[in-house]
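Protein chains in written order, with my numbering: chain D, 25 to 448; chain S, 396 to 542.
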């Protein structure tokens, strides 16, 4: 890799041994992908994936201590993934004991580390940092050093920023030196599509199912999706962005997608159209039957397949303000239709604190509260990591949560039916 | 016995028993339980990976196409190395992905007393040929001997 004089000096130790190791890490990372140079990180903020003071991460805390002591802190402020614990979310005595004494016992000290390293503010804990209410929304063409698969795929695809699927810690390394190796999704070539996905469903496909199907098929390749604009329109309005948030998270967790293009909708597809598709691109047709096949293929991992769900999570990734409002309308209507006043299954809607604060200012908040639905800033995945929670029959409309935990996936409509009619 | 020539991502030599995943390895889902709850043999916890689910990964020559899933993947692999619960080596049939590369490189640069050689670009034929339990040897130049 060709380094600038400044980069070479850092690598040679001009800014100390720790900074040299940070640069060495990035150079090796770039070398693994044939990067010929490093480019400056140009976004205002970074986003880190590691938000949880989980005991198993002791090596990470030690590494961060090493960085802080050497003054190798982030050159940018950053947001970070959601907090793992919230007392609003139902948990029994033993579950709480495991959360607080065994799993996330280092949360407080870890958050102190994050502040020292450059955390934006106390509310900057969310996987959906790109929401207007949160304020970490990069511009088209900006180069990022982000991690968090759902945020990276959103930033690349919907916002047109440029970011590789960086791992946790590597995200911070780029922010510390202010450079990232130039390869993959940072390059024009790397943003070209090697798959054409033809959506031929008879109704608007479920975002999280469509994303899952595509992710499992293309893995880390870039898909160009044709036919979805029929259902989403050609404007990146709130509804389209929300759909793409959930769709993208499923492509990234069920596969390893870091960028997708939606014909006539996402910025690069609008600008460059089918010229983004490489010659000889593979094709995958998705119709109603294919989506059903994908949903039916998910393994049943509950011990008792007929167990009555004890908890429901909606909001992985974190919900948008409009999503909270729409779900409020839908839950109210569902309860009314079934003659119930409260949801039949304890239900948690998750969103960032800034989004929840805006939601609280609307009349929807009181209406949702009356249905019995709980709102929280928690990361449902971190909740489900508790082995006692993992044993519970938990349902979700998040395909990401399904992938990483024992939560059972249902479509939005199926979830609504279950929580408002008790699964009848 | 067959030899496959790959590209060295992180250097080292080793001999170990093969453990083969034909699908992508979801690093978080695979290692999470093992790291969190003191399973020193690193039993794979990824329910979506029928090749590996429930099998010990510690000390094995992990043969796979690539890793997939959460971007915590690299730091999970780094933690596995720092906690000495890592595979003996990782052998990728494809070009290594950014998360696995991050984990392997972070371990190589920041963990002093652990070596986990990583070789990629071994080709589809490698993954077709290698089976669980076969003896794997990595040579200094990135040649992988399977017998």
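The beta carbon of each residue, even a glycine, is placed where N, CA and C say it ideally should be.
Contact annotation for residue 333/D against chain S: no contact, minimum CB-CB distance about 18 Å [criterion: below 9 Å]. C-alpha of residue 429/S to C-alpha of residue 457/S: approximately 16 Å in a straight line. Along the segment 40–55 of chain D, going in chain order, the ones with a CB nearer than 7 Å to a CB of chain S are 45, 48, 49, 52, 53.
It is roughly 30 Å from the alpha-carbon of residue 145/D to the alpha-carbon of residue 206/D. Under a 10 Å Cβ-count criterion, residue 70/D is classified as buried, with 16 or more other Cβ atoms of the shown protein chains found around its own Cβ. Contact annotation: residue 432/S and residue 539/S have beta-carbon atoms that are not nearer than 8 Å. Residue 517/S sits away from residue 472/S, with the two beta carbons spaced by 8 Å or more. Boundaries of the alpha helix (DSSP H) harbouring residue 318/D: 312–320, taken from the DSSP string. For a cut-off of 8 Å, the C-beta gap from residue 275/D to residue 239/D is around 4 Å, short enough to register as a contact. Here the C-alpha atom of residue 195/D lies approximately 43 Å from the C-alpha atom of residue 357/D. Runs of the alpha helix (DSSP H) lying entirely within the segment 341–376 of chain D, each at least 4 residues long, are 345–362 in chain order. Using a Cβ-Cβ cut-off of 7 Å, residue 192/D is close to 466, 467, 469, 470 of chain S, given in chain order. Residues of chain D with a Cβ closer than 8 Å to the Cβ of residue 508/S do not exist; the shortest Cβ-Cβ separation is about 12 Å. At least one CB atom of chain D sits nearer than 8 Å to the CB of residue 461/S. Of all residues in the segment 438–454 of chain S, those with a C-beta nearer than 8 Å to a C-beta of chain D are 442, 443, reading in chain order. With at least 16 other beta carbons inside 10 angstroms of its own, residue 83/D counts as buried. Residue 413/S: member of the beta strand (DSSP E) spanning 409–415, first to last residue. Taking C-beta separations shorter than 8 Å and ignoring five residues to either side along the sequence, the partners of residue 64/D in its chain run 167, 202, 203, following chain order. The residue among 532/S, 437/S, 418/S, 495/S with its C-alpha nearest the C-alpha of residue 481/S is 437/S. When 218/D, 441/D, 316/D, 60/D are compared, the shortest CA-CA separation from residue 283/D is found for 218/D. Inter-segment contact for the segment 213–231 of chain D and the segment 245–254 of chain D is present: three or more beta-carbon pairs are separated by less than 8 Å. Straight through space, the alpha carbons of residue 37/D and residue 413/D are spaced by roughly 47 Å. Taking all protein chains shown into account, residue 232/D has 16 or more neighbouring C-beta atoms within 10 Å of its C-beta and is therefore buried. The way I'd put it, the segment 417–424 of chain S does touch the segment 449–469 of chain S; three or more beta-carbon pairs between them come closer than 8 Å. Contact between the segment 335–347 of chain D and the segment 413–422 of chain D is established, with three or more Cβ pairs separated by less than 8 Å. Take the alpha-carbon of residue 169/D and the one of residue 324/D: they are about 37 Å apart. At a cut-off of 8 Å between C-beta atoms, residue 533/S does not count as an interface residue with respect to chain D. For residue 436/D, there is no enclosing beta strand (DSSP E); the residue is found in the alpha helix (DSSP H) stretching over 436–445. Ranked by Cα distance from residue 314/D, the first of 229/D, 178/D, 43/D, 185/D is 229/D. Around the C-beta of residue 199/D, 16 or more other C-beta atoms lie within 10 Å, and the residue is accordingly described as buried.
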